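Just remember that full-length UniProt numbering sits 6 ahead of the position in the sequence shown, which is counted from 1. Report on the following structure.
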Amino acid sequence: STIFLSDYRVPDFLIDSTHLQFELGEDSTSVCSVLAMRRNPDAAEQGAPLKLHGTELELISLAIDGRQLSDAEWSQSGEELIIDNVPSSFSLSCETRLRPQENTSLEGLYKSSGMFCTQCEAEGFRKITYYLDRPDVMSVFTVEIIADKERYPVLLSNGNLMSSEEQASGKSKTVWHDPFPKPAYLFALVAGKLAVVDDQFVTMNGRCVDLKIYVEEKDLDKCDHAMLSLKNAMRWDEEVYGREYDLDIFNIVAVDDFNMGAMENKSLNIFNTSCVLAKPETTTDAGFQRVEGVVAHEYFHNWSGNRVTCRDWFQLSLKEGFTVFRDAAFSSDMGSPTVKRVEDVTLLRTAQFAEDAGPMAHPIRPDSFIEISNFYTVTIYEKGAEVVRMIHTLLGPELFRKGSDLYFDRHDGQAVTCEDFVLAMEDASGIDLQQFRNWYSQAGTPQLMVSGVYDEQTKTYTLSVKQSCPATPGQPQKAPYHIPLAVALIGEAGQLPLNLDGVEADIETADNTERVLNVSLAEQDFVFKDVEEEPVPSLLRGFSAPVKLVFDYSRAQLLRLMRNDSDGFCRWDASQHLGLLEIKSAIATQAALLEPEYIDVCRDILADTSLDAAMVALMLQLPSEAYLAEIIHPVDVHGIHLARESVRKALANALKDELMACYSRCQSNEEYAATAEQIARRSLKNTALSFLMLLQEDRFTQLAVSQFDTSSNMTDRLAALSCLVNSDAEYKAEALQLFYQQWQHEPLVINQWFQVQAMCHLPGTLKTVKELMSHPAFDIRNPNKVRALIGAFCGQNGVNFHSEDGAAYRFLADQVLLLNRSNPQIASRLLVPLTKWRKYLPAAQKLMYAELERILSEPELSSDVYEVVSKSLQDY
Ligand code: ARG
Ligand code: ZN
7 STIFLSDYRV PDFLIDSTHL QFELGEDSTS VCSVLAMRRN PDAAEQGAPL
57 KLHGTELELI SLAIDGRQLS DAEWSQSGEE LIIDNVPSSF SLSCETRLRP
107 QENTSLEGLY KSSGMFCTQC EAEGFRKITY YLDRPDVMSV FTVEIIADKE
157 RYPVLLSNGN LMSSEEQASG KSKTVWHDPF PKPAYLFALV AGKLAVVDDQ
207 FVTMNGRCVD LKIYVEEKDL DKCDHAMLSL KNAMRWDEEV YGREYDLDIF
257 NIVAVDDFNM GAMENKSLNI FNTSCVLAKP ETTTDAGFQR VEGVVAHEYF
307 HNWSGNRVTC RDWFQLSLKE GFTVFRDAAF SSDMGSPTVK RVEDVTLLRT
357 AQFAEDAGPM AHPIRPDSFI EISNFYTVTI YEKGAEVVRM IHTLLGPELF
407 RKGSDLYFDR HDGQAVTCED FVLAMEDASG IDLQQFRNWY SQAGTPQLMV
457 SGVYDEQTKT YTLSVKQSCP ATPGQPQKAP YHIPLAVALI GEAGQLPLNL
507 DGVEADIETA DNTERVLNVS LAEQDFVFKD VEEEPVPSLL RGFSAPVKLV
557 FDYSRAQLLR LMRNDSDGFC RWDASQHLGL LEIKSAIATQ AALLEPEYID
607 VCRDILADTS LDAAMVALML QLPSEAYLAE IIHPVDVHGI HLARESVRKA
657 LANALKDELM ACYSRCQSNE EYAATAEQIA RRSLKNTALS FLMLLQEDRF
707 TQLAVSQFDT SSNMTDRLAA LSCLVNSDAE YKAEALQLFY QQWQHEPLVI
757 NQWFQVQAMC HLPGTLKTVK ELMSHPAFDI RNPNKVRALI GAFCGQNGVN
807 FHSEDGAAYR FLADQVLLLN RSNPQIASRL LVPLTKWRKY LPAAQKLMYA
857 ELERILSEPE LSSDVYEVVS KSLQDY
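Given below as structure tokens:
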């Protein structure tokens, strides 16, 4: 059944305090709760029955003010337990029995590698006890944990440790108290045999905070990077947002089986091992950066999410969009800002644009959902972050900070809405964001059609901007958006000064060569005066808005941008556009005859040691197949793949010597560090290697073999392995074997081993993937393994997933049906590639559609899978 934002009502009851006692056992766990409840004075109806959420629970006892309720006094309907007559204020006691050992959904209380842990966001708490499991019910929690002290020496929950004692019969008991009222989704519990890495942080006001990272003993050597990232994040939030940590303890726990990246439970963050553990021998540069980003993200939630939380789940982007915006700014400050921006835009323009153009398209504040777990999406997170970023652009850094201070100050301890956030920004800045609010209510990617005309006589340059936004499910028509469009005009010798005619409300930056235009009408002209030469417009600088920009650039104009634009993002984007032209012409002519100017600019960039090596690597990489699938319609996966590969090969051929020189230049024997500079060099080196490998020359294969054999860091080893796996090198089987033998005891490395094979674009990969599913190291219960093998194959291996016989579609549908029973969240996520069926050629469409129908005809579909399948089959 569908839930609507417009049906929101304040809760009928409040829970002032929550006392929980867990007795963790090998067969079952008992949970006793005592809730201090009262009617909400703001509720519409003062005589309403009490309705508690609860799923898959065994109810042992239920009492009000100490009196057991008879069967006639309560009833159950769906996920609700209903008690008709309750006083205006009372104590509710309840005992439930759970079987965490059998909980494969990884939601609620479950076991992972011998330890107990929880995941309650969004609605997992109702799998632990009957409760008002909604984020606007906030309560002060006290938690007692009783467990066998040999098996579970470490017992953790939120807040401060109140007591810890040994009990008779080999058990121990600890009591935790969290002074901050919180919704149930931020509750956490951990019990296990865990080792710990300790550190401390002194806050800006001198509070000394104990930092602890709990892991399995064997992973103690992989915690340094997460700890450093945590301390950097704590300092950064003080310096940039004035936000200080508020308890004496901050815990991180790493678990193997986890549906997502991590969870910001108050003072007890629980992490997927893949987002905490890192060391050079086992972790790639991308892995190091992910750890830094996720550790910061979860830490930042302490303010943007926990101190100020969401009123209801339609407001999810309030905390996620804002927190992603914050973690992106942090990562940008820790590393290379342009590279971080290019990476984020790449994710947005592939995954998010595709989502926004597909059957599951939703505004960053959705109007309705069937299953909230399906809305932890790139739209809520990444587009949500872009929307906050646009507010930052429109207000400028000082007013934005004033706005965030006001937001935190005004709403500390409350559960609020996206509207409250925008209002705080408006109130603090005096800037009108009325029309801007359309970004919250409308789905779809706006398109900006821009053209430019230079008038030699009047020395004016006119930019004409037209905006539109395609229909999305339930939204046939869209109102115009308020779009900040950052622009510059590039002349022969660099940026020109900007004099705008008749535009008042635009924002100018430092030297008057960049302006942020306020685009707000369906069609609008911007006239620049005193323009002494015909310029090339540099548009959407820094990707100032999440839109599709169309400007009919000539090759010559793109070359000027790629060579001269001072905006790193636009320079890179020009390189992508030029690459796109080459690929399009390869598709049209079925041959890759590269334009000489394209080869020249790539050659010059490759030789330019003054450029950031990471940017050089990014500019040389052609637009990904996923990005091309957003631009070329209908999507002929195989045609696109062949054309792109032929352009890559032609480029490699033309620049063979330069690529080789670059490879040698980037090699180094220095000790590994995850610094922006080293990461950049490795990225360029491995980009060069992957080009050279396309040439199928022995000497280049030898290069990959020797890099594989001799490197001590995972970045270089895995890059070499990937090159070998995608080639016909004889050594490939042996390399895979050696790699497995070396790392079989490191699950995170074995995941990479699965993934590199799943992503191989050569024929026969489906067969390999099926075989690997019976490999002893594979485990369908572990989401990381499912993502590494099945997810990577279906989501990131276009040519093989779209094999013309439809075998891979059938394979995916089979896996979805299997996982539908054990882990619905993972099943519905895995399904996403099939839902994009409308984009492809008719024959593919038909095969994909048939598999979706097969899934839909399954009698016992979870709400997760049901929502995604049924919506993807509907017309819109
Ligand atoms: N709030 C978490 C984060 O973004 C995500 C957890 C959501 N988990 C889930 N199973 N839906 O950091
Ligand atoms: Zn988050």
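Glycine residues also receive a C-beta, built at the ideal position from the N, C-alpha and C atoms. Fair warning: this is a prediction, and the values are worked out from it, not measured in the lab.
- When DSSP reads this structure, R73 sits in a beta bridge with I70.
- D77 has its alpha-carbon roughly 32 Å from the corresponding atom of P187.
- A residue is called buried when at least 16 other Cβ atoms come within 10 angstroms of its Cβ; M168 does not meet this threshold and is exposed.
- Judged by DSSP secondary structure, V428 falls within the alpha helix (DSSP H) whose first and last residues are 424 to 435.
- Within the chosen limit of 7 Å, the ligand ZN reaches the beta carbon of T329 through at least one heavy atom.
- Distances taken from the Cβ of N757 to the heavy atoms of the ligand ARG include none shorter than 7 Å.
- DSSP places W182 inside the beta strand (DSSP E), whose first and last residues are 177 to 188.
- Sequence-distant partners of L401 (beyond 5 residues in either direction) whose C-beta falls short of 7 Å from its own C-beta, in its chain, are G409, M431, S435, I437.
- By the neighbour-count criterion, in which 16 or more other beta carbons inside 10 Å mark a residue as buried, P640 falls on the exposed side.
- It is roughly 57 Å from the alpha-carbon of E810 to the alpha-carbon of I89.
- In this structure, the alpha-carbon of V261 lies about 15 Å from that of V755.
- Nearest in C-alpha terms to N380, of all of M854, A833, Y855, is A833.
- When secondary structure is reduced to three states using DSSP, Y460 falls in the strand class.
- R355 places its beta carbon 8 Å or farther from that of Y604.
- Under the 10 Å beta carbon count, P159 is surrounded by fewer than 16 other beta carbons and is classified as exposed.
- Its chain contains T209, M210, E250 as the residues whose beta carbon lies nearer than 8 Å to that of E244, once the 5 sequence neighbours on both sides are disregarded; these appear in chain order.
- Under the 10 Å beta carbon count, Q321 is surrounded by 16 or more other beta carbons and is classified as buried.
- By the Cβ rule, the segment 445 to 462 counts as touching the segment 547 to 566, because three or more pairs are nearer than 8 Å.
- In the DSSP annotation of this structure, the continuous segment of the alpha helix (DSSP H) that includes H303 starts and ends at 291 to 306.
- In terms of Cα proximity to L795, the closest of P55, E29, M779 is M779.
- Less than 8 Å separates the beta-carbon of L274 from that of N164.
- The beta carbon of D333 lies closer than 7 Å to those of G299, A302, H303, F306 in the same chain, with the five residues before and after it left out.
- Counting only residues of its own chain and dropping the five nearest sequence neighbours on each side, V805 has a CB closer than 7 Å to the CB of V643, H644, H647, H767.
- Taking the Cα positions, M233 is about 46 Å away from G72.
- In the three-state scheme derived from DSSP, where H, G and I count as helix and E and B as strand, L847 is classed as coil.
- Not a single heavy atom of the ligand ARG lies less than 7 Å from the C-beta of M621.
- By DSSP's assignment, R688 forms no beta bridge with any residue.
- In terms of side-chain proximity, the C-beta atom of E270 is found nearer than 7 Å to a non-hydrogen atom of the ligand ZN.
- Annotation: the continuous alpha helix (DSSP H) that includes T771 extends over 771 to 779.
- In terms of side-chain proximity, the C-beta atom of E326 is found nearer than 7 Å to a non-hydrogen atom of the ligand ZN.
- By alpha-carbon distance to Q481, the top candidate from L68, Y882, L63 is Y882.
- Separation of F697 and R671 (C-alpha to C-alpha, rounded to the nearest whole angstrom) is 16 Å.
- Spatial neighbours of M720 in its own chain (CB-CB distance under 6 Å, excluding positions within 5 residues in sequence) are listed in chain order as T288, T289, T290.
- Per DSSP, M366 is not a residue of any alpha helix (DSSP H), being assigned neither H nor E.
- Counting of Cβ neighbours within 10 angstroms places E538 among the exposed residues, the total staying below 16.
- Taking 8 Å as the cut-off, the beta carbon of A819 is found closer than this to the beta carbon of I861.
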